[in-house]
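Data first, discussion second: the structure below is written as structure tokens.
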Amino acid sequence: MAASSRAQVLDLYRAMLRESKHFSAYNYRTYAVRRIRDAFRENKNVKDPVEIQALVNKAKRDLEIIRRQLCTCCLPSHLSEVIFLTTNLNSELPEGRSHVLMSRLTTVPG
Numbered sequence: 001m002a003a004s005s006r007a008q009v010l011d012l013y014r015a016m017l018r019e020s021k022h023f024s025a026y027n028y029r030t031y032a033v034r035r036i037r038d039a040f041r042e043n044k045n046v047k048d049p050v051e052i053q054a055l056v057n058k059a060k061r062d063l064e065i066i067r068r069q070l071c072t073c074c075l076p077s078h079l080s081e082v083i084f085l086t087t088n089l090n091s092e093l094p095e096g097r098s099h100v101l102m103s104r105l106t107t108v109p110g
């Protein structure tokens, strides 16, 4: 593995561990840390540059998922339910209707 690729993988590994340690629930936190460590250990002997790049891209997507999950778990419960509801309904509602639904539901006191 090239030095720059190795540095990129290590930075990604550290970032994923750092972000996953912010989960407030113990079970989520330990599961995420364990899965990250296991996945990186499982693939540490991969030599093919194309496969390495595919694994790096997957890890970047997973890091974004972790960050997104951390953002929604810190919201008050009524807001996180609204965000979940509107993201699931976006494809079913006419253009612009999800924003109206979101603004109505976010004004409800928590």
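Numbering (UniProt numbering), first residue to last: 1 to 110. Quick reminder that beta carbons are idealized off the backbone N, C-alpha and C, glycines included. The structure presented is a predicted model; accordingly, all values stated were derived computationally and were not measured.
Per DSSP, the unbroken alpha helix (DSSP H) holding D38 starts and ends at 26–42.
Separation of the CB atoms of R14 and S20 is rounded to 11 Å, and the pair is thereby denied contact status at 8 Å. In this model, N27 and Q8 are separated by some 28 Å (Cα to Cα).
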